[in-house]
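Positions 218 to 355 (this note's numbering) are the ones given, in order, by the sequence shown.
The C-beta atom is built at its ideal place from N, Cα and C for all residues, glycine as well.
Treat the numbers as computed from the prediction; the structure is a model and nothing was measured.
Encoded as structure tokens, the structure appears first; notes follow it.
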Amino acid sequence: MRKYPYYVPENKIYKPWITVGIGYSKTNIVTPTPITALIDSGSDVCFCSKDIADLLGVSLKNKDKIIFTAANGTPLPTFMEILILYVGGKNYECSFYISEKLPFETPIILGQLGFFDHHKVTFDLENKEIQITYNLDN
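Below is the structure:
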């Protein structure tokens, strides 16, 4: 189990943001520095910004466009690619949906398929921490 502190931006609202690494097996490139990721239990899947995908050398040619709908009703066009997620001392292949429309502050969104199905996540706002246990650690 790993514990992460809640992030507290200037507006004093606690955010379930953690740092992760992202890699791409086809190019053997891994992000050189940790990236801020939003742990989002309301997201069906994991998302990655196109900027990070470009850094990893992901080609979106001949990929099928998949449209999601954001919480505010806005269409979110994406393309799926298998990336490697580095989190909590573990790494594994994960389907990410790549989009140009993710917020700058959260270039990675960790959702139900790809994150919550691999981890037990406990949001402990009282102690201002997030506990993450990789399912195979149980």
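Item                                                                                                                     : Value
Residues near residue 222 by beta carbon distance below 7 Å, same chain, minus five either side                          : 345, 346
Beta-carbon gap between residue 259 and residue 308 smaller than 9 Å                                                     : no
Whether residue 261 touches residue 319 by CB criterion (9 Å)                                                            : no
Segments assigned beta strand (DSSP E), at least 3 residues, entirely inside the region 269-332                          : 282-286, 292-304, 307-316, 325-327
Three-state secondary structure assigned by DSSP to residue 225                                                          : coil
Local conformation of residue 220 per DSSP, three classes                                                                : strand
Nonlocal neighbours in the same chain, by C-beta distance under 6 Å from residue 293, ignoring five residues either side : 285, 287, 316, 318
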